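These notes are about the structure you will find just below.
Residue numbers (the working numbering): 14 to 353.
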């Protein structure tokens, strides 16, 4: 059985194609594409096909599983509208069996049309499938380009208090911060530099991808999203955007200054994630953390270590590339179990 698992996000669409022998995974191949659904949602069908074709002919795919978070983009008036639009496009694209990750398991098209909100931002349910391979009792943290899921697992079953993004934003289980697309002004009010504190400009000047490029914590190919100023992604161009955050430029600040600022900003984002993690740890009395996603080593491990918690990585069982698209891998696993 060859199963394609997609995680359709607001900015990125991730794919895992898994060959199964029964429930045993024979091979995993992954890819992803930057697709801003707020402006290009009509391109979804073509992108889904193109991603598969980079790995194998679409005709070789026996089934497709879909998880999504794209329903939140402002191209849709409501989450319901977004879910149903994604489902419609997927159903028009694939002839093979297709189903969707919901908070209570996989949903058919008919089921999802009756209760569409059950599939809204449920991709963390799929990631939990992978985390349980490491421990039946843990909290997994998945920091992607945009958001951070912090999900408790007990006795091999996820036990999140919140089931929607709205609810999880109150429980610590969703921290809306990520490795690439997060506006620095969203979690900073001041930056320390050369012994002084500078208030930041609340503008779309720089994002976290700029910081982690300057600090060499991501590779150039990781910077897949658009820049805020429409310019390039070199270290100098990233530094120029970071300087603007304190109303300065590269004639006023040196590269050493930008690196010092970036280290301070990095620590603040670690603390932001640690704050959500502590809330979940206190509620669930769990102390093993499993990290995944693009930010697993950049943000999640140091956030857990800041709290003195034991940390394991999904990188122990998946490649780094597979960790980045862990919800897609989990979606394929859930789809395979759904069909068996």
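Even for Gly, the Cβ is constructed at its ideal location relative to N, Cα and C. Just so it is clear, the structure is predicted and the values come from calculations on it, not from any experiment.
Comparing alpha carbon positions, the residue from 149, 87, 79 closest to residue 131 is 79. With a cut-off of 8 Å on Cβ pairs, the region 147 to 162 is in contact with the region 303 to 320, counting three or more such pairs.
With a contact defined as Cβ atoms closer than 8 Å, residue 116 and residue 143 miss out at about 17 Å. Residue 236 and residue 14 have their C-alpha atoms spaced approximately 33 Å apart. DSSP lists 18, 43 as the beta-bridge partner residues of residue 29. For residue 142, the enclosing alpha helix (DSSP H) has its first and last residue at 136 to 144. When rounded, the separation of the alpha-carbon atoms in residue 45 and residue 188 is 23 Å.
Restricted to the region 174 to 245, the alpha helix (DSSP H) segments that are unbroken, complete and at least 4 residues in length are 178 to 184, 221 to 227, listed in chain order. Where residue 95 is concerned, there is no enclosing beta strand (DSSP E), although the alpha helix (DSSP H) around it starts and stops at 92 to 106. Beta-bridge analysis with DSSP links residue 81 to 21. Taking 8 Å as the cut-off, the beta carbon of residue 163 is found no closer than this to the beta carbon of residue 85.
Secondary structure at residue 165: strand, using DSSP grouped into helix, strand and coil. Residue 114 carries a strand assignment under DSSP once its states are collapsed to helix, strand and coil.
It is roughly 12 Å from the alpha-carbon of residue 247 to the alpha-carbon of residue 225.
Secondary structure of residue 73 (DSSP, three-state): helix. A Cβ-Cβ distance of about 28 Å is found for the pair residue 266 and residue 287, leaving them out of contact under the 8 Å criterion. Taking the CA atoms as reference points, residue 31 sits about 21 Å from residue 57. For the pair residue 25 and residue 47, the Cα-to-Cα distance works out to about 4 Å.
Per DSSP, the continuous beta strand (DSSP E) segment holding residue 154 begins and ends at 151 to 156.
As DSSP reads the structure, residue 324 sits in a beta bridge with 302. The C-alpha of residue 75 lies about 41 Å from the C-alpha of residue 292. Comparing alpha carbon positions, the residue from 61, 77, 217 closest to residue 242 is 217. Nearest in C-alpha terms to residue 200, of all of 145, 147, 239, 280, is 280. One thing to note: residue 341 has its Cβ within 8 Å of the Cβ of residue 29.
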